[in-house]
Every structure is written in C-alpha cells, then in structure tokens.
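Below you'll find the structure, written out as structure tokens, and then a few comments.
There are 2 protein chains.
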Amino acid sequence: MSDYKAPLNDMFFSFFEVNDMVSHYQSLGFDSDLDEDMVKSIFEEGAKLAEREVAPLYTIGDRQGCQLIDGEVKTPDGFKEAYQVYREGGWSSLMHAEEYGGQGLPQSIGSSLTETIGTANWAWSMYPGLSHGAMETLHQYGTDEQKQTYLTRLVSGEWTGTMCLTEPHCGTDLGLLRTKAVPQDDGSYQISGSKIWISAGDHDFVDNIVHIVLARAEGSPEGVKGISLFVVPKFNVNDDGSIGERNGVVTTGLEHKMGIHGNATCMLSFENAKGYLIGDLNKGLKCMFTFMNVARIGTSIQGLCHAQRAFQHSLEYAKDRLQMRSLTGAKFPDMAADPIIVHPDVRRMLMTQKAITEAGRAYIHYLTKQADLIAYGKDEATKKAADARLGLLTPIGKAFLTDLGHECANLGMQVFGGHGYVKDWPMEQNVRDARIGMIYEGTNGIQSLDLLGRKVALDQAKGLRSLTKEIRQWCKTANGAAKPYAKTISWMTRELEWMTIRILMKARKNPDEIGAASFDYLMFAGYMMMGWMWARSVQAAQSKVDGPNAEFYRAKLETAQFYFDRVLPRTRALKKTAMSGGKSIMSLSAEQFAL
Amino acid sequence: MSDYKAPLNDMFFSFFEVNDMVSHYQSLGFDSDLDEDMVKSIFEEGAKLAEREVAPLYTIGDRQGCQLIDGEVKTPDGFKEAYQVYREGGWSSLMHAEEYGGQGLPQSIGSSLTETIGTANWAWSMYPGLSHGAMETLHQYGTDEQKQTYLTRLVSGEWTGTMCLTEPHCGTDLGLLRTKAVPQDDGSYQISGSKIWISAGDHDFVDNIVHIVLARAEGSPEGVKGISLFVVPKFNVNDDGSIGERNGVVTTGLEHKMGIHGNATCMLSFENAKGYLIGDLNKGLKCMFTFMNVARIGTSIQGLCHAQRAFQHSLEYAKDRLQMRSLTGAKFPDMAADPIIVHPDVRRMLMTQKAITEAGRAYIHYLTKQADLIAYGKDEATKKAADARLGLLTPIGKAFLTDLGHECANLGMQVFGGHGYVKDWPMEQNVRDARIGMIYEGTNGIQSLDLLGRKVALDQAKGLRSLTKEIRQWCKTANGAAKPYAKTISWMTRELEWMTIRILMKARKNPDEIGAASFDYLMFAGYMMMGWMWARSVQAAQSKVDGPNAEFYRAKLETAQFYFDRVLPRTRALKKTAMSGGKSIMSLSAEQFAL
Numbered sequence: 004m005s006d007y008k009a010p011l012n013d014m015f016f017s018f019f020e021v022n023d024m025v026s027h028y029q030s031l032g033f034d035s036d037l038d039e040d041m042v043k044s045i046f047e048e049g050a051k052l053a054e055r056e057v058a059p060l061y062t063i064g065d066r067q068g069c070q071l072i073d074g075e076v077k078t079p080d081g082f083k084e085a086y087q088v089y090r091e092g093g094w095s096s097l098m099h100a101e102e103y104g105g106q107g108l109p110q111s112i113g114s115s116l117t118e119t120i121g122t123a124n125w126a127w128s129m130y131p132g133l134s135h136g137a138m139e140t141l142h143q144y145g146t147d148e149q150k151q152t153y154l155t156r157l158v159s160g161e162w163t164g165t166m167c168l169t170e171p172h173c174g175t176d177l178g179l180l181r182t183k184a185v186p187q188d189d190g191s192y193q194i195s196g197s198k199i200w201i202s203a204g205d206h207d208f209v210d211n212i213v214h215i216v217l218a219r220a221e222g223s224p225e226g227v228k229g230i231s232l233f234v235v236p237k238f239n240v241n242d243d244g245s246i247g248e249r250n251g252v253v254t255t256g257l258e259h260k261m262g263i264h265g266n267a268t269c270m271l272s273f274e275n276a277k278g279y280l281i282g283d284l285n286k287g288l289k290c291m292f293t294f295m296n297v298a299r300i301g302t303s304i305q306g307l308c309h310a311q312r313a314f315q316h317s318l319e320y321a322k323d324r325l326q327m328r329s330l331t332g333a334k335f336p337d338m339a340a341d342p343i344i345v346h347p348d349v350r351r352m353l354m355t356q357k358a359i360t361e362a363g364r365a366y367i368h369y370l371t372k373q374a375d376l377i378a379y380g381k382d383e384a385t386k387k388a389a390d391a392r393l394g395l396l397t398p399i400g401k402a403f404l405t406d407l408g409h410e411c412a413n414l415g416m417q418v419f420g421g422h423g424y425v426k427d428w429p430m431e432q433n434v435r436d437a438r439i440g441m442i443y444e445g446t447n448g449i450q451s452l453d454l455l456g457r458k459v460a461l462d463q464a465k466g467l468r469s470l471t472k473e474i475r476q477w478c479k480t481a482n483g484a485a486k487p488y489a490k491t492i493s494w495m496t497r498e499l500e501w502m503t504i505r506i507l508m509k510a511r512k513n514p515d516e517i518g519a520a521s522f523d524y525l526m527f528a529g530y531m532m533m534g535w536m537w538a539r540s541v542q543a544a545q546s547k548v549d550g551p552n553a554e555f556y557r558a559k560l561e562t563a564q565f566y567f568d569r570v571l572p573r574t575r576a577l578k579k580t581a582m583s584g585g586k587s588i589m590s591l592s593a594e595q596f597a598l
Numbered sequence: 004m005s006d007y008k009a010p011l012n013d014m015f016f017s018f019f020e021v022n023d024m025v026s027h028y029q030s031l032g033f034d035s036d037l038d039e040d041m042v043k044s045i046f047e048e049g050a051k052l053a054e055r056e057v058a059p060l061y062t063i064g065d066r067q068g069c070q071l072i073d074g075e076v077k078t079p080d081g082f083k084e085a086y087q088v089y090r091e092g093g094w095s096s097l098m099h100a101e102e103y104g105g106q107g108l109p110q111s112i113g114s115s116l117t118e119t120i121g122t123a124n125w126a127w128s129m130y131p132g133l134s135h136g137a138m139e140t141l142h143q144y145g146t147d148e149q150k151q152t153y154l155t156r157l158v159s160g161e162w163t164g165t166m167c168l169t170e171p172h173c174g175t176d177l178g179l180l181r182t183k184a185v186p187q188d189d190g191s192y193q194i195s196g197s198k199i200w201i202s203a204g205d206h207d208f209v210d211n212i213v214h215i216v217l218a219r220a221e222g223s224p225e226g227v228k229g230i231s232l233f234v235v236p237k238f239n240v241n242d243d244g245s246i247g248e249r250n251g252v253v254t255t256g257l258e259h260k261m262g263i264h265g266n267a268t269c270m271l272s273f274e275n276a277k278g279y280l281i282g283d284l285n286k287g288l289k290c291m292f293t294f295m296n297v298a299r300i301g302t303s304i305q306g307l308c309h310a311q312r313a314f315q316h317s318l319e320y321a322k323d324r325l326q327m328r329s330l331t332g333a334k335f336p337d338m339a340a341d342p343i344i345v346h347p348d349v350r351r352m353l354m355t356q357k358a359i360t361e362a363g364r365a366y367i368h369y370l371t372k373q374a375d376l377i378a379y380g381k382d383e384a385t386k387k388a389a390d391a392r393l394g395l396l397t398p399i400g401k402a403f404l405t406d407l408g409h410e411c412a413n414l415g416m417q418v419f420g421g422h423g424y425v426k427d428w429p430m431e432q433n434v435r436d437a438r439i440g441m442i443y444e445g446t447n448g449i450q451s452l453d454l455l456g457r458k459v460a461l462d463q464a465k466g467l468r469s470l471t472k473e474i475r476q477w478c479k480t481a482n483g484a485a486k487p488y489a490k491t492i493s494w495m496t497r498e499l500e501w502m503t504i505r506i507l508m509k510a511r512k513n514p515d516e517i518g519a520a521s522f523d524y525l526m527f528a529g530y531m532m533m534g535w536m537w538a539r540s541v542q543a544a545q546s547k548v549d550g551p552n553a554e555f556y557r558a559k560l561e562t563a564q565f566y567f568d569r570v571l572p573r574t575r576a577l578k579k580t581a582m583s584g585g586k587s588i589m590s591l592s593a594e595q596f597a598l
C-alpha cells in the first residue's frame with residue numbers, strides 16, 4: 004500500500020484541456036517542439052522517477068528519520084541513491100536558465116514534477132525542492148561570479164541549496180533577527196548567529212550545500228530595514244571552483260518533528276562563516292521574497308500532494324474493505340459484506356478528496372502560468388500584471404490548499420477507520436506530514452494577512468478586481484453544463500468584491516478589522532477559485548462525454564456537481580464570519596483570558 | 004509546559020450555575036450532604052490527583068510508550084505508581100454501587116473526574132477508564148456470582164476491565180465476528196479467536212484483567228443475532244476469590260499508533276480461554292451497548308480534554324511569545340515586539356478554543372444529568388425518557404466534540420507556529436492523541452448514522468421533538484443578554500425539525516438519503532446544542548458581572564457573542580450541504596472512481 008501511481012490522466016486534462024498550456028507556451032515564444040507530446044513525455048518520465056525511485060522510500064524515511072553523526076546528517080537508507088538518479092536524469096535543471104546549464108523549460112512544467120515526486124514522498128522531495136528557491140534568488144540578484152560559482156552547480160544538481168531565515172526568537176517577525184555579518188577586507192562577510200528550522204540544512208546527498216542566509220550587517224539599522232541577504236557555502240569554494248576548506252557552518256541539532264521525518268530540519272550555527280552579499284545591502288528582505296514566493300508555491304503543491312495521496316489510498320481501501328450492507332440492499336450478496344464504498348458517508352469523504360485534489364491541480368497549473376508569464380512575458384506590462392496576479396494567487400494557494408490537503412489527509416484516515424491510526428497503513432504518516440504545510444513558509448494566518456492586508460489592500464483592490472473581472476469574462480463564455488456553475492461563481496466574485504470594500508472601509512477606522520476577517524476571507528476566496536476551476540473543468544469536459552475516455556469526462560461533470568452541492572456552500576458560513584467584525588474577537592482583556 | 008491546571012472555576016460554573024446540579028441531586032433523592040461544598044471538594048481532590056500524579060506522566064507516556072516483554076505489557080515509567088495513588092484515593096469506586104463497594108455517587112460527578120484526569124493525560128486515563136464500562140455491564144447483566152467475583156474487584160480498583168469487540172476483518176460490522184465460544188460441562192465456555200485494538204488489553208497496574216468479550220456460541224446463528232457476551236479473566240479466579248492459573252488469553256502484539264502511546268492497544272488471542280456468559284445467549288450486542296454507551300460518553304469527554312489542553316497551552320504561549328506589533332500600534336513599546344495575543348487572527352484561534360471548550364463542558368454536564376436520571380430516576384417513565392434523551396445526546400457528543408476537539412488541538416498547534424510541530428513543545432502530541440477520538444468507539448460517520456438513522460428515524464423523531472421542545476421552552480424563559488441568543492437557537496430547533504422531516508421523507512424512497520445527510524446533520528445539531536449551552540451560560544452569568552469574580556462572568560458574555568458571531572454560522576453551510584441530497588454523492592460508478 005505504500006506505492007504511488009501518478010494521476011497522469013488528470014494531470015494531462017488540467018494541463019492541456021483546462022489550462023491550454025500548449026497555446027500558452029506558443030504565446031510566450033517557446034519553440035514549437037514544446038508541444039503536447041513533449042510535455043506528456045516529460046510528465047511520464049517524471050512519473051516513473053516518482054513511482055519507482057522516490058515512492059519506495061516513503062515509509063523508511065519516516066521510520067528511520069535523519070541522524071546527526073559527528074556533526075554530519077545521515078539521511079534514511081536509499082535517499083542519497085534516489086537523488087543520484089534524479090540528478091543524472093537532469094531533473095534539477097529542468098526549469099532553469101540555459102546559460103547556467105538549465106534546460107530552460109517553463110516553471111509550469113517543473114511544478115508538475117513537484118506534484119509527482121512530492122506525492123510520492125514529500126520529505127524526500129524537499130531536498131531538491133529547496134534548491135529551486137536558491138537558484139531563483141541567485142539568478143535574480145547574484146553577481147556573475149556568484150552565478151558561475153553557485154548557480155551552475157545548483158542547476159546541475161551537484162550541490163543543493165537552503166533558505167536560512169528563522170532564529171529561535173523570530174519566525175514571522177524577521178525584524179528581530181540577530182545573526183550578524185561583519186564586512187571583511189576581501190569584500191566578504193563574517194556571518195555569526197543561530198538559525199533554526201532549516202529544511203535540508205545538512206545531508207549526505209552532495210558535496211556542498213549553498214545556504215542563503217538573512218543577516219544584519221554591522222552598522223545596519225534595527226528592524227527589517229537593516230537585513231541583508233548572503234550566500235554562505237558549507238564548504239568554501241576555491242578560485243578554480245574546486246571545494247576548499249570547511250566553512251564555519253555547524254549543524255548543532257536536528258528537530259524532532261511530528262512528521263516529514265525523512266527531511267533533516269537543522270539547527271545551524273554560523274560561526275564566523277565566510278559569506279557573500281547577494282543584491283544590495285539592507286535590501287535582503289526583498290531578495291528573500293523571491294525565494295519565499297517559490298517556496299510558497301511549492302507548499303501550495305504540498306497541499307495537493309497530501310490530498311492526492313490520501314485519495315489514492317482511501318479509494319483503494321474503500322473498494323476493498325468489506326463492512327456492512329448498503330442501506331439500499333446488498334450490492335455484493337455473494338461476499339460477507341459490501342465494500343465500504345457503497346456507503347454514502349464514505350463516498351462523501353472520497354468525493355471531497357477527489358473534488359479538492361482535481362480542482363487544486365487545475366489551480367496550481369493556472370497559478371504557474373503566471374510564473375511563466377513573469378519569466379517569459381513579452382513586455383514589462385505583462386510581467387508586472389502576472390507578478391501582481393501571482394501575488395494574489397500564492398497566499399490563497401498556500402493557505403487554502405495546505406488546509407484542505409490536511410483535511411483530505413484526515414478524511415483518508417477516517418475512511419480507514421482504526422487502520423488509519425496505526426503505522427501498518429500509510430494514512431497516519433500522511434496526516435503528520437501534511438500538518439507542517441499549514442505552518443511553514445509563513446503560517447496560514449500570515450498568508451491571509453499577506454492576501455488581505457498587503458496584496459489586496461495596498462493597491463486598493465485593483466489587482467483583485469483584475470482577477471474577478473477575468474473570472475466574470477470567462478463566466479460569460481461558459482455554456483452547457485458549465486453555465487449554472489459559471490453563474491454561481493460570477494455572483495461570488497461580486498460578493499468577494501463587496502466583502503473587500505466593506506472590510507477595507509472598516510479597517511480605515513480600525514486596522515484590526517483586517518486581521519479579524521483575513522483568514523475566513525482567504526478561505527472564501529479559495530473555495531471560489533476552486534469553484535471556478537470546476538466550472539472550467541466542466542466546460543472542457545462536457546463535449547467529450549461520449550468519446551474515448553468517456554467515463555473520465557463524465558466523472559468530471561459529476562464531481563463538479565458534488566463540489567457545488569457539498570463543498571462550495573462552506574462559503575455561506577465564511578462570508579458571515581468574515582464580515583462579523585473584530586469586536587467579539589478582540590473584546591476579552593488579558594484578565595478575562597485567564598484560565 | 005507539560006503541566007496542567009484543572010479549570011475548576013469553569014467546572015463549578017457549568018456544574019452549579021448552568022446545570023444546577025445540586026437541585027438535580029436533591030430531586031433524585033440524594034442525601035443533602037451531596038451539596039455544593041461536597042462536590043467542590045471532590046472536584047478539587049480530583050484536580051490535585053490529575054495535576055500532581057497524572058499530568059507529569061504526559062510526555063514520558065508518549066516517548067516511552069508500552070512494551071511487550073515476554074508476553075506481558077510494561078507501561079511507561081510512573082504509570083503504575085500513579086494508578087496506585089488513584090486506587091488508594093478510592094477514585095475507581097466513586098460512581099459505583101455501594102453494595103459492591105462503591106461510593107454510590109452519581110455519574111455526573113465521575114465524568115467530571117474523567118475530564119480532569121483525561122486532560123492531564125488521556126492515554127493514562129484509559130486504563131481506569133475502560134473499567135467503568137465493564138463495571139456497568141456486569142452490574143446490569145452479570146449474575147450475583149459474577150458481581151461478587153469481578154465487579155467488587157473492579158470497583159475497588161484491584162483489577163481493571165476491557166472491552167473486546169473488534170477482529171481484524173470486522174470493526175463496525177460486528178455481525179462478521181468469528182471468535183467462538185464452546186459450552187463446557189461446568190457451564191463455562193471455551194473462547195477462541197483473535198481480537199484487535201483492545202485498549203488497556205494488558206498492563207502491569209494490577210494482578211488481573213477482566214475482559215468483556217463478544218463471541219459466537221457454538222450453534223448460534225450467523226450475523227449479529229448470534230453474538231453473545233462473555234466475561235473472560237486474564238487469570239482464572241478460584242472459588243475462594245483468590246487468583247488461580249493463567250487463562251488462555253495471550254497478548255500477541257501491540258499496535259504502533261499515531262498517538263496515545265502510553266496506552267497499550269493490544270492484539271489478544273483467546274486460546275481455549277475459560278469464559279462465562281453475561282446476560283442471555285445471543286443477546287450479546289444489546290449487553291455490549293451498555294459498555295459502548297459508557298465508552299462513547301467517555302470519548303465525548305476526550306474531545307473536551309484535547310480542546311482544554313490546547314487552549315491552556317496556547318493561551319500561555321500567546322501571552323508569552325513576542326512577534327510583530329499590533330496593527331493598531333505597539334501595545335508593549337518597551338519590549339522587542341508585542342505578545343502574539345494582540346493579533347486578531349491569533350485571538351480567533353484562542354476564542355474558538357475557549358468557546359468550544361466551555362460549551363463542551365456544559366454539554367457534558369447536561370448529558371451526564373441524563374445518565375443520573377437513568378440510574379436514579381423516580382419512576383420508569385423518567386428513566387425511559389432519560390434513556391431516549393441520552394441516546395440522542397451521546398452520538399452528538401461523541402462525534403461533535405471529538406471533531407471539534409481535534410480542530411482545537413490543531414488550532415493550538417497553529418498558535419505555536421513552528422514550535423507546535425516539534426516535540427519540545429506539548430502541542431503535537433495533543434493533536435496525535437486527539438485524532439483517535441474521531442475513530443474509535445464507532446467512527447464519527449457511524450455516530451451520525453446512529454443519530455439520524457436510528458435514534459431519530461426509528462421513533463419518527465419523537466425523541467428529537469421532545470428535546471427541541473425542551474430547548475424552546477427554555478428559550479422562552481431567557482431574558483436580558485440571553486434573549487437574542489435564545490431566539491436564534493429557538494429558530495434553529497425549527498430548522499432542525501424541518502431538516503429532519505425532509506430527510507426522513509426522502510429516505511422513504513431512497514434509504515441512502517440518510518447516509519448522505521447524516522454527518523452534516525449531526526454537526527448542525529452539535530453547533531445548535533453548543534449554542535444553547537452558550538445561551539444558558541449567558542443567562543446564568545449576566546446577573547453576576549458586577550459581583551465577585553466579575554471578569555469571569557463578563558468573559559462568559561463576550562465569549563458567547565464570539566460563538567454566535569464566528570462559530571455558529573457554520574450551520575449555514577451545514578444546513579445547505581445536509582439538504583443537498585444523495586445524488587451527487589452516489590453518482591460515480593466504480594469505473595468513474597478509477598484513478
């Protein structure tokens with residue numbers, strides 16, 4: 004049961020039929036070689052890697068976990084070897100620039116790989132996963148020399164990268180950070196301080212690790228305005244590019260976590276480590292956001308991964324486990340009992356998983372189109388618009404999908420009953436692994452503040468209105484079975500706009516109104532966006548329900564109906580709670596909050 | 004941080020002011036000694052036991068877990084010694100009959116003890132907890148000899164009990180069970196078969212364990228109609244009551260679970276074990292329900308326990324952890340940042356925990372009043388009515404409170420951010436421990452079928468209408484600040500009645516309509532009942548907001564407002580989804596459900 008089968012059918016449907024990626028690539032000026040066949044073959048190869056190399060390490064990664072031996076991290080058996088296959092297959096370079104050894108494919112393709120290897124084994128996938136943010140950051144802000152020294156080795160997969168932000172006393176509030184950087188005569192900096200929760204912070208996959216580190220340069224101001232970004236390699240790099248002596252980066256401990264045991268979450272002590280400034284002095288937070296946005300998209304995909312994993316296994320179990328008879332009469336009278344998939348309440352759980360997983364996938368593909376536009380858009384206006392759009396979609400994706408991914412993982416456990424709670428079956432690990440997605444890369448509460456307090460409020464909802472306008476325009480073109488869904492979604496975009504205006508007006512008098520509404524507001528937007536994905540899926544599927552693969556397309560229509568009947572109504576509660584204001588949230592004094 | 008403080012203030016408020024337990028005891032004919040002072044002193048002593056003896060074993064129980072050594076279970080260090088204190092304090096006998104050595108106190112008092120020791124350490128509390136069901140079953144159905152032999156030793160805490168239902172191929176569907184019982188010449192039975200998931204199935208607290216076992220007697224019919232109940236001791240008992248030779252009950256393994264590691268979840272093999280029939284032949288399921296109903300009330304309380312534990316710790320953390328400034332300006336300008344309790348989204352989580360915990364507690368007290376009435380009611384009609392009422396309240400309590408307990412545990416983790424996910428802090432264990440509540444003693448899906456398909460449907464909603472009528476009558480008496488809440492709840496009882504009629508009518512044509520609606524129906528009822536608890540709490544608190552303990556009473560009013568603003572609106576979604584029918588749940592064929 005710990006195996007994994009990539010849902011290629013649905014990946015293709017979302018990619019080509021819902022999101023029309025081939026035209027998208029053509030409009031970005033990609034070679035006509037990048038057609039459906041080519042993308043499919045990349046997905047298929049990625050699926051093989053995930054199914055054959057990565058998925059088999061799922062359980063062992065959890066049980067063995069990582070060990071810190073003589074200051075070096077030992078990863079679970081087989082992890083290193085699977086990375087070797089990954090690297091040799093050229094997967095690390097897929098979506099990076101050709102001038103640094105990459106294959107120059109768009110991010111939308113790379114993200115689909117993230118889904119397959121991530122569903123196969125999220126903890127494993129984080130080792131290569133963290134590198135992407137480091138590459139993107141170096142690509143955008145690094146000097147030529149830094150790119151030659153570090154970026155090329157990250158692209159080839161020879162080395163991997165990390166992101167070092169958090170310190171024991173500061174997670175969300177990076178302004179408090181204490182790690183300091185003292186400038187040296189040779190232009191480098193001496194970095195000193197403690198960092199915690201560094202995913203893939205040390206491991207045995209590769210010869211060198213490239214840390215991207217937030218620190219405060221000597222003489223810089225307090226708070227976020229004095230933060231700079233540095234590249235700090237585990238081993239110094241000689242002028243000829245060969246690996247030099249060990250840098251002052253010490254792994255002082257590993258976190259003992261609820262899940263993702265296969266990934267080494269490190270405490271790192273920087274002890275006069277040699278580092279190099281990336282980008283401008285005191286502009287580190289801005290540079291860091293490049294990394295963080297990549298990581299947040301990765302975490303959005305994580306939500307999808309855990310939902311998909313739960314769905315696959317619980318569907319299989321529900322078809323297999325015999326228990327009680329259908330209320331409408333025995334469906335398999337020759338067997339001792341009916342398989343539990345005949346029971347409506349079990350179906351409710353399976354259908355919820357299916358509806359969230361498939362809409363989530365379509366959403367991720369839609370989101371990564373924006374990332375493609377930022378990189379390859381024809382002009383600055385296009386890039387800027389895509390950047391604003393991605394800025395809205397990312398916090399929704401991160402918070403909504405990890406929240407629902409966790410829900411779906413828990414539904415998976417529930418379908419398994421008692422078996423779900425014990426380690427002989429793969430459901431409880433999935434729940435434990437899924438839980439971190441709601442916390443790291445900015446908690447889901449922080450995502451909701453980012454959405455409403457920054458992305459929506461700072462441009463007076465212009466970016467939001469551009470999105471809702473696009474949705475309504477699409478809704479006008481919907482026909483047939485998609486039409487009633489489009490009508491609902493179109494109406495919801497108006498509701499969201501109304502909610503936005505009301506909250507922003509209240510927030511002028513009391514800024515706490517933003518925080519009081521933000522989480523429920525984000526979730527409302529998430530359900531609305533998934534509803535749009537379902538309307539688009541119906542639009543794409545409805546003409547194909549009598550052709551080849553008819554059952555697949557018919558299931559799309561039925562699942563959409565389920566989503567609108569049974570999941571989307573949650574927005575009725577969210578609208579009411581988001582609009583109920585901050586008063587009853589804020590009214591208790593500290594004394595009243597006593598136990 | 005692994006300590007625990009019993010919320011005595013709120014326990015007293017719910018017990019005496021909301022639920023008026025002293026008059027209740029007087030009306031049941033209890034001695035006037037059983038007054039507020041006496042109950043308070045029992046609660047206070049129970050709190051000391053929980054805080055001093057049981058809570059300190061919380062973390063070690065999780066980390067060490069149980070071990071099976073030479074066929075015997077070794078519990079974590081200190082567990083056995085704490086039980087010794089429990090036993091010597093007479094806590095096992097609290098609510099059991101005086102003629103068998105008990106103290107004859109009502110169940111409502113015992114359940115409050117369940118809350119305190121359960122919040123301190125749920126896994127530990129299950130060892131004595133399981134005994135209560137065994138005692139109740141023996142008390143109700145056992146022969147005089149069985150009572151003398153087993154019940155007296157369970158009451159004194161000299162021995163403990165278990166409940167052996169599940170087999171590898173049958174959990175919910177007990178009709179499939181294979182454990183067999185062969186009658187012997189001496190009137191005993193030889194029991195053979197495999198049982199799994201036996202909580203506290205073996206341990207080192209006591210000299211003997213009394214298993215209550217479901218099995219099929221030789222010659223009995225297939226299915227549930229051929230199931231009988233047996234008492235099977237770990238050690239046979241000699242005629243003089245002394246412990247005899249080892250019976251054929253072998254612990255063949257321990258489950259490796261996600262949580263509640265401190266409790267031994269055993270696989271037991273009955274190998275020609277000597278057992279004795281309890282109650283009538285082939286009426287085992289009915290007898291077993293006595294046990295199960297006790298266990299389900301216990302599990303309802305478990306939901307409350309995890310919510311309370313999460314609330315205590317996250318409140319403390321939120322007052323302590325400094326991160327970011329309040330959006331309305333620095334609240335503690337002298338500190339590096341404000342404590343996170345100033346942020347509305349953190350408060351949303353804390354207030355949700357508080358609102359659920361306090362309403363849950365009032366609900367449990369209300370529920371156990373019914374249990375008291377069954378045992379001590381003045382006439383058969385009273386007992387019967389209480390039994391019907393408890394039959395409604397139990398599945399709601401079990402499913403709603405474990406579901407929300409899990410949500411509150413997860414909110415606790417969320418308040419802690421990254422710290423919540425690591426084992427140095429007590430939040431991730433609470434989430435893992437809480438998760439089982441939704442599964443065992445009948446999954447929450449099964450509870451919802453029990454509520455709607457059995458308890459509500461079988462008497463044509465008569466029992467439900469008796470409850471809604473009581474609620475509306477109370478609502479008429481509400482005044483002041485309680486009045487608007489009462490109005491809302493009164494209206495919701497009408498909605499629930501309307502939903503009930505509609506679903507039952509649809510179910511006449513298609514029985515699957517029950518299963519399609521049941522879970523959302525139960526949750527609707529749960530939120531409504533908690534809303535009623537809040538209305539009752541406001542009614543009780545409002546006259547005291549200017550007296551002693553004023554902040555406590557004012558917080559009640561504010562928290563009620565929060566509940567009605569931010570939690571109760573979830574019923575808007577649940578009503579819609581519960582009423583959306585079975586079609587879109589059931590429409591997918593097996594082929595369409597393929598991956």
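As they're listed, the protein sequences go chains A and B.
Using the numbering used here, the letters of the first sequence map in sequence onto residues 4 to 598.
Using the numbering used here, the letters of the second sequence map in sequence onto residues 4 to 598.
Heads up, the beta-carbon is just placed ideally off N, CA and C, and yes, glycines get one too.
This structure is a prediction, so every number in the text was calculated from the model and none was measured.
CA-CA distance, E56/B and V88/B? Taking the second sequence and counting its residues from 1, one reaches residue 56/B at position 53. Taking the second sequence and counting its residues from 1, one reaches residue 88/B at position 85. C-alpha of E56/B to C-alpha of V88/B: approximately 8 Å in a straight line.
Taking 8 Å as the threshold (beta carbon to beta carbon), is L404/B in contact with chain A? In the second sequence, residue 404/B corresponds to position 401, counting from 1. Judged by the 8 Å Cβ criterion, L404/B is not in contact with chain A.
Positions along the stretch 517-533 of chain B whose CB lies within less than 9 Å of some CB in chain A: So the close ones are I517, G518, A519, A520, S521, F522, D523.
Near the ligand COA: F208/A beta-carbon under 7 Å from a heavy atom: Of ligands this structure carries none, so the ligand COA is not represented either.
H346/B: contacting residues in chain A (beta-carbon distance under 9 Å): Along the second sequence, read from residue 1 onward, the residue named residue 346/B stands at position 343. Those within 9 Å of H346/B in chain A are G448, L452, D515, G518.
Does the beta carbon of S590/A come closer than 8 Å to any beta carbon on chain B? Walking along the first sequence from the start, residue 590/A turns up at place 587. Chain B, which has a Cβ nearer than 8 Å to the Cβ of S590/A, makes this yes.
Is Y130/B near Y86/B, with beta carbons less than 8 Å apart? One-based indexing of the second sequence puts residue 130/B at position 127. One-based indexing of the second sequence puts residue 86/B at position 83. Contact flag set, yes.
E554/A: contacting residues in chain B (beta-carbon distance under 8 Å): Here residue 554/A refers to the residue found at position 551 of the first sequence. Within chain B, the residues near E554/A are S592, E594, Q595, A597.
Contacting residues, own chain, Cβ-Cβ under 7 Å from M4/B (five flanking each side not counted): Within the second sequence, numbered from 1, the residue matching residue 4/B stands at position 1. Confidence is the limiting factor: at M4/B the pLDDT is only 39, short of 50, which leaves the residue's position unreliable, though a coordinate-based value still follows. So the qualifying residues of the chain are H316, W428, P429.
Can you round the beta-carbon distance between A203/A and T119/A to whole angstroms, since I take them to be within the 8 Å contact cut? What you label residue 203/A is simply residue 200 of the first sequence in a count that begins at 1. What you label residue 119/A is simply residue 116 of the first sequence in a count that begins at 1. With 8 Å as the limit, A203/A and T119/A do not qualify as a contact, their Cβ atoms being about 19 Å apart.
Straight-line CA distance for W94/B to N124/B? Residue numbering aside, residue 94/B sits at position 91 when the second sequence is read from its first letter. Residue numbering aside, residue 124/B sits at position 121 when the second sequence is read from its first letter. Between W94/B and N124/B, the C-alpha separation is close to 16 Å.
For chain A, is any of its Cβ atoms less than 8 Å away from the one on M4/B? For the purposes of this step, residue 4/B is taken as the residue at position 1 of the second sequence. With a pLDDT of 39 at M4/B, under the threshold of 50, the modelled position of this residue cannot be trusted; read the value that follows with caution. Put simply, the CB of M4/B is far from chain A, with every gap to its CB atoms at 8 Å or more.
List the endpoints of the continuous beta strand (DSSP E) containing Q70/A. For the purposes of this step, residue 70/A is identified with residue 67 of the first sequence, where counting begins at 1. It spans 70-72 - the beta strand (DSSP E) in which Q70/A sits, taken as one unbroken run.
Below-8 Å beta-carbon distance, Y443/A vs any chain C residue: Here chain C cannot be found, since the structure's protein chains are A and B.
What residues from the stretch 566-579 of chain B come within 7 Å of chain A, judged by C-beta to C-beta, listed N to C? Residues of the stretch 566-579 of chain B whose Cβ lies closer than 7 Å to any Cβ of chain A, in chain order: D568, R569, P572, R573, R575, A576, K579.
Beta-carbon separation (whole angstroms), L97/A vs Q106/A, contact threshold 8 Å: Locating residue 97/A in the first sequence gives position 94, where the first residue counts as 1. Locating residue 106/A in the first sequence gives position 103, where the first residue counts as 1. The C-beta distance from L97/A to Q106/A rounds to 5 Å, short enough to meet the 8 Å contact threshold.
Rounded to whole angstroms, what's the CA-CA distance from F208/A to W127/A? Just pull it up for me. On the first sequence, position 205 is the one that residue 208/A refers to. On the first sequence, position 124 is the one that residue 127/A refers to. A straight-line Cα-Cα distance of about 11 Å links F208/A and W127/A.
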